[in-house]
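Chemist:
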Amino acid sequence: MRPQEQAMMINKIKILVLTVVIAGSVGVSNSAQATLNISDSPMFVAVSIDPNIKFLLDDSGSMRFGFMPGELDRVFASGSSLVDDLIRNCSDEEWEGRDYEMCAIGADGRELAFLVSSYLNKIYFDPDTRYVPPIKPNGDRYPDMKFDDARLNGYGAGDCSDFRVRCVDLNSNYRAVMDDYYYGNQSNEGFAVSPYGRAGAAFYYRYNPRLNGCDHAFDNDCYEYVNVSTQSKEVQQNFANWFSYYRTRMMVAKVGVSQAFHEQSTRMRVGYGLINSQNDYSGVRSFSDEHRVAFFDWLDDQDGTVNGSTPLRTALEEAGEYFETAEPWREDPEDNTSRLLSCRQSYSILMTDGYWSGGDPSVADEDGDGESKTLADVAYKYYDTDLRDDIDNNVPTSEEDQNQRQHMVTFGVGLGVTGTIQDTEAAFAWPPEDDRWPDPDDGDPEKIDDLLHAAVNSKGGFFSAADPVEFARELSAILSEVVARANATTSVAVSATRLTTESLVYAAAFDSADWSGELFALNAEDGSVESLATEQLESQGANGRKIFSYDPVEEEGLVFDTTAADALRSRLTWSAPEGEAWTAENIINYIRGNDTPDGDHPEAFRERSVMLGDIVNSRPFFSGSGNEGWGRLDQDYLDYIDGHKNDPDRCDEVEGACDYAREDTLFIGANDGMLHAFDAETLEELFAYVPSTVHHKLHELADPEYSHKFFVDGQIAVADAKIGGSWGTYLVGTLGAGGRGVFALDVTDPESFSQDDVLWEFQDFDLGYTFGEPIITRIGDEDSGKWVAVFGNGYNSGSEQARLFVVDLENGPGENGEGVMEIELGDYGDNGLSGVVGWRDPATRTHLSRVYAGDLKGNMWRIDFDGTTASVPYEDGLFTDPDGRAITSTPNVAAHPSGGLMVYFGTGKLIEDSDRLETEMDRFYAVRDLGEPVSNNFNGNGALAEVEIAVAETEDGEPPMRTLESGGVSQNGWYMDLAVSDSSNGERTLAKPRVVFGTVIISTYQPVEDPCTPGGIQRTYAMDALSGNGALPYCSNCGAIEVGAGAPFSPPVAIKQRQPGEVGDVTFPGNSDPSDPSDPDDFPGAPPANGGEPQGWCSEFGIPPLFEGGSFLPLGTICEGRQVWRQVK
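Quick note: to get the working numbering, add 33 to the position in the sequence shown (first position is 1).
1. So who's on the other strand from I71, going by DSSP bridges?
2. Can you tell me which residues form a DSSP beta bridge with C1167?
3. Just to confirm my understanding: we take T1150, look at its own chain, exclude 5 residues before and 5 after, and list those with CB closer than 8 Å. What are they?
4. Under 8 Å: do the region 456-470 and the region 505-513 share three or more Cβ pairs, one atom per stretch?
5. When we look at the beta-carbon of S431 and count the other beta-carbons within 10 Å, is it buried (16 or more) or exposed?
6. May I ask you to report which of helix, strand or coil DSSP gives S725?
7. Look up E104 in the DSSP assignment and say whether it is helix, strand or coil.
8. As a quick exercise: from P501, E714, E794 and P464, pick the residue whose alpha carbon is nearest that of D584.
9. Count the CB pairs spanning the region 718-736 and the region 801-812 that are closer than 8 Å, and state whether there are at least three.
10. May I have the straight-line CA-CA distance separating G353 from L90, to the nearest angstrom?
11. With E718 and Q569 assumed to form a contact (beta carbons below 8 Å), what rounded beta-carbon distance in angstroms separates them?
12. Using a Cβ cut-off of 8 Å (strictly closer), state whether A617 contacts chain D.
13. Could you give the residue range of the alpha helix (DSSP H) that holds G590?
14. So, at 6 Å on beta carbons, what are the nonlocal neighbours of Y1008 in its own chain, with the 5 sequence-adjacent residues on each side left out?
15. Taking all protein chains shown into account, do 16 or more other C-beta atoms lie within 10 angstroms of the C-beta of A876, making it buried, or fewer, making it exposed?
16. Closer than 8 Å is the cut-off here; do at least three beta carbon pairs connect the region 205-212 with the region 247-259?
17. Kindly indicate the opening and closing residues of the alpha helix (DSSP H) around E618.
18. Considering Y278, what are the terminal residues of the alpha helix (DSSP H) in which it resides?
19. Under a Cβ-count criterion, where at least 16 other Cβ atoms within 10 Å of its own Cβ denotes burial, should N6 be classed as buried or exposed?
20. Keeping to the same chain, check which residues put their C-beta closer than 7 Å to that of I1074; ignore five residues upstream and five downstream.
21. Are P1137 and A542 touching if we call contact CB-CB under 8 Å?
22. Could you check if Q378 is buried or exposed, using at least 16 other CB atoms within 10 Å of its CB as the buried criterion?
23. So, helix, strand or coil for L934, using DSSP?
24. Return the first residue and the last residue of the alpha helix (DSSP H) that G676 is part of.
25. Does the Cβ of D393 have 16 or more other Cβ atoms within 10 Å, making it buried, or fewer, making it exposed?
26. Give the straight-line distance between the Cα atoms of Y1038 and L943, rounded to the nearest whole angstrom.
27. Taking the C-alpha atoms as reference points, what is the distance between I701 and R578?
28. Would you check if the distance between the CB atom of R1021 and the CB atom of T940 is smaller than 8 Å?
29. For L349, name the three-state secondary structure that DSSP assigns.
30. If we call anything under 8 Å between Cβ atoms a contact, is W872 one with L934?
31. Roughly how far, in whole angstroms, is the beta-carbon of K730 from the beta-carbon of Y355, given that I think they are within contact range, below 8 Å?
32. Please determine, among I580, A505 and D159, the residue with the shortest C-alpha to C-alpha distance to S497.
33. Can you tell me the Cα-Cα spacing of S1144 and L537, whole angstroms?
34. Starting from the N-terminal side, write out each stretch of the beta strand (DSSP E) that is 3 residues or longer and does not extend beyond the region 986-1058.
35. Can you tell me whether DSSP reads W663 as helix, strand or coil?
36. What would DSSP say about W548, mapped onto helix, strand or coil?
Structure below.
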C-alpha cells in the first residue's frame, strides 16, 4: 500500500493529537542537570491560543431608560388608560442635574408606583440587593456614595465639592427619573415620578398584594411608600450606590460588563465597539496591561449620552468583516509582519436592551429559513464562511463547535428583553433552516428570537437577563465558556503493550479542559470503539467499586473506603479555609467517585464529569494468556498458562484446563490517584489501587481551584512468577512524576483481588521519580533463585546518583532493608537511572543474566547477575554519548547473529518545561556488546558506523518521508543523528525501541514552535537491525514516515496475516508482545540476521488503526520462517 493511502489516517492523527504513553514524557533540556524541575502538567499539551472576542455594546437611545423590561413602556405609553391625565408639568423648580418639565403627578402621589418598585421595574432600587460600587480600570472599586451628596455619575474623578461634579441630596431633592423615555409630543426630556410631582426624599414602593383594593400588579393600591431617608444608614448607603451606579440600563450594563471582564484572566484578546458608532472601535488586542486598562476606560466613558436606533445586524456584519481581515489572526495584531495563526478561535458578543432596527446588511437568506437579511443570516454567513482561505483549517473544535475553518461564533446577550420562544435551551437543537424559527418581521419579541437564532446558527450562546445581578453573572459565564473552549485541548494517548487474540488495541486519553480521562478498547482492523471505561464506571457507581490502598504504618493492604478513615486520617486530612468539608471520610468518598454529578459530596469540592482521571504517561498493560518462557524452569508453569491464565472465552481451545480460568485484564495508572484494573474486553473495572505515596495530596483533586498534578503516572510491569510454591501473576507499578515510590500487587486473580493481595510498597532515600519501565524476573541459577522486581532509581533521588534497585518480589524490602539490593553506578550528583531491560541466560532461560539501562548523563550501563549477586563489568558503562545527552527511554536488546548483544537506545528527554522547545541534536544508537566498552570516538578504530538521514521524494498527498543509508559497516554497531544535513531541530527518542522481524522500529518526537501544532511532529522509523539502513516498503532505503503531530507517540506493531488472494486479519505473533518476542515455543532459536528464508506465506507488519475509520500503516513484510531475534524481558 502506498503511503498516500494513509492520508486519512495522518490527518486524523493531527486532529486528535495522538500519543503513546512513554517513559520520560512529562515535561527537560538534553544535557544533564542538577535537580530536575519536573513539570506538574503534560509537556505535550497544546499551549492554548488566546481566543479573539469582539464585544459590541448597545448605545441606542433606550439604554438611557430607567426601567426594565422594555414591555413596561406599553403600560404607561400615550393613550394608556392607566396614565391618562397623569403626565403634567412638574410642580416645582428645576430638579438638580436636568430640567424635567414633565412629571407623573396625582392626588395621592402613588400614580405609576409600579415604575418605582423593583417588583416590576427590575432596574429600580431593590432593598434586598446589595449594590456594590463597580470596579475601576486599575482593579480597585469606586467609592461608596454619600446619601446627602450622591453623584449623578459615580464614575470619574472629583467629589461634590467640585462645581463641575453634579450631585443630589437624596434627603430632599430626589425624583425617580424614567430617563429619556419620549412621551408622545408632550416632552422631549422624558419624565420623572415623584409624589405630587415635587422633589423630596428618596423613596421606593414595596409591592404588597394583601393591601386593600389591590387588583393587579399595575394597581397603585398594591404598593406601599417607603421613605429611604427614614431607613437605616445601611439602606441609605445602598440606595446612594444604586443611584450613582445602577439607575439606568446603560449603568447596569457598565457594571455587569465591568464585573464580568474583571473576573477573566489575560488569556483572551478583546476588541470592542458601539453598535451605532463605527469610530468608537478597537481591534482585538491582548487583554492585559495597557489594553486591558483601555477597555475599562472606554467602558467607564459611556456616560449615557446615547441615542439612535438599534442596528444590531450591521454591527454584527461589521464584526464579521473585521474577522475577514488579517489583523485578528496575526500573532501580534499590531504588527503587519506577524505570522497568521490558523488555530485561533474568534467570537462576537452582541449585547442589546432592545429589538433590532435600522441598518441594511448585505446578506441574503444565508441559513435557508426563508427569511432574508436577518440577524441569524448575518451570524450564519460568518460562521459558515472560511474567513481566511490562505491559512490551514485547524481551528480547535469543541463539543459545541466542530468547524475547523476560520469563523466567527456569536453570543447574544439580552438585557430585559424576551422573545416568544420559551425553551431557549431546546432551540439549540433546531437546524438553522427549521420552520419553527419565528419571522423577525412579525414583531419585536420575534426579533429577540432572531438573536437566539443567530447564536444557534453560529454554535454560540444566548441569554436575556431580567435584572442587574443575573446580567453580570450570565455574561461572566459566557466569557468563561469562551476561554474554556479555547483551553479544551483533548490529548489522546494511544498504546498497546500487548493486544488480545481478538485483536483489540487500547487507547488512553485525557481532556485537559477538566483533566478527565478515558480508556478505549478499539478494533484493531478498523479502529472502531468496542468499549469505554468511563461508561462502565458510571454503570458500576462509586459504591460498586473495589478500591484498595496500603497502610505504611502497619505495612498491610486495606480497603479504601470510609472504614479506613481512622487508619489514614493523618495522611488524608487537610486544613482548608472551608474547614469541616475536608475530612478523611469526605476525601475518601470523593476519590471513590462521589464527586461526579450524581454523587453526594460537599459543595466545597470540585465536580468532575467522569470518575476516571487523566491518563498521561502510564501505558496500558495487557495481561492474559501468554507463555513467558518459564517452562524450562518448571513444567508446572505450562499447566498454569494453559489453565489459569486462559480467559474463560477461550476455554474450549484447551482441553480440560480451564477450571480456574481468569479474565484477561488491562492495567493502567491515572492521575485520579489510582492504578486501575479493567476487564480487557468490556473495560469493567475489576479493582483499583491507591498507593500510599500519593495519600498526602489526594485532597488536591477535590479543590475547586485544582491545578494539574501527577499521581499514578508511571509504567507498569506484569509478569508470571513462582512464589510460595505456586505460579501466579504479579504487578510492579511506578508513579512517574506522581511520587517517589514503587508498589507490588498479586494480580493472579484480578476479579477476586483483596487487601491481602497488596504485597508491599517501597520508598527510599535513593529512590527518585521513576519514569522508566520496571521488570519482574528471577535471579539465581537453574536450580535455585528468587523472584525480584528490578528498576532504575529515577530522578531527583536523595543521592542524585544513578542506581539500580533489585527488590524481593515476595517479601518486599523487609524491615531492615534485607530484601533490597542496590547497585551504585557512576559518581554522585546530577544523575539518575532510567528504564531497564533484562536479558536472560541464553543457555537455560531460567534466570536473569544482564540488565541494561541509561542515565541522565548519557551513559548506557550494563549490570551482570551471577546467581543472586550483581556486578558492573564496565566502570564507566558500556557506552557514553560524547556530548552527555540524557537517555530517559528504556533500551532494548537482541542477539547479534555473529555473537554478542545489540543494545538499541536513543537520547532525549521531555520532563522539564525547558525541554519543550529544546533544539539540541539527539541520536539513536545500536551498540554491540562484545564484552568490553565501546568507544565514543567516532573517528577512530572500532568507531560506530554512521547512518545518514535524507529527505525522500514523495508524491502529492503523501506524508513526508526520509531515507536512511549507512555509510559503512562496523562490528561495534551504528548511530544516527536525528536530523537532516546536521540541521538540529530537537528531534528525540522518548520510547523503548521495538525489535521485530530483523527490524528496529522507533518513534521520535520533534517539538514545533508553531503554537497551532500541539506537541510536535511524530515520526516512525523502521531500520535494518544490523546496518541501520531504511526498511520501510515505500522506496529504496525509505526509513522514516511522519505519522502526525501531537504528543510523543509510540504505536503498537501488528501482523496483518493473509492467505493468497485474501486481505487477512490483524493479529499478533504467538502469545508474545511484538516488541518483546521471547516465547521459546513460538520463536525457537536465534535466527540469522536476514530473518530466514520464506516458507510458504508472507504478511505485512505495521501499525494498526488507532481511531475509528483509520487504516493499517505497513512497516514491512514478514515471511514464514525463523524471523525474530530473541529478546528477554
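We treat Cβ as the ideally placed atom computed from N, Cα and C, and that holds for glycine. Since the model is a prediction, treat every value here as computed from it, not as a measurement.
Modeler: Reading from the atomic positions:
1. Looking at the DSSP assignment, I71 forms a beta bridge with E945.
2. The displayed coordinates of the chain run from 34 to 1162. Any statement about residue 1167 would go beyond what the structure contains.
3. P1066, C1131, S1132, E1133 and F1134
4. no
5. buried
6. helix
7. helix
8. For D584, the nearest C-alpha among the options comes from E794.
9. no
10. 16 Å
11. 6 Å
12. Here chain D cannot be found, since the structure has a single protein chain.
13. First-last for G590: E589 to V592, but that is the beta strand (DSSP E), not the alpha helix (DSSP H).
14. If we look at Y1008 and ignore the five residues flanking it on each side, its Cβ neighbours are R956, Y958 and L977.
15. exposed
16. no
17. A617 to N622
18. K266 to Y278 is the extent of the alpha helix (DSSP H) around Y278.
19. With the chain running from 34 to 1162 in the structure shown, residue 6 is simply not present.
20. P36, P992, M994, R1052, T1053 and L1065
21. no
22. buried
23. Strand, per DSSP.
24. G676 -> no alpha helix (DSSP H), and no H or E assigned at all.
25. It is exposed - the Cβ of D393 has fewer than 16 other Cβ atoms within 10 Å.
26. About 10 Å.
27. When rounded, the distance between both Cα atoms is 16 Å.
28. yes
29. helix
30. For W872 and L934, yes; Cβs fall inside 8 Å.
31. That pair is no contact at about 46 Å.
32. Among I580, A505 and D159, the Cα nearest to that of S497 is on A505.
33. 14 Å
34. 994-999, 1006-1010, 1027-1029, 1032-1040 and 1049-1057
35. In this structure, W663 counts as coil in the three-state DSSP scheme.
36. coil
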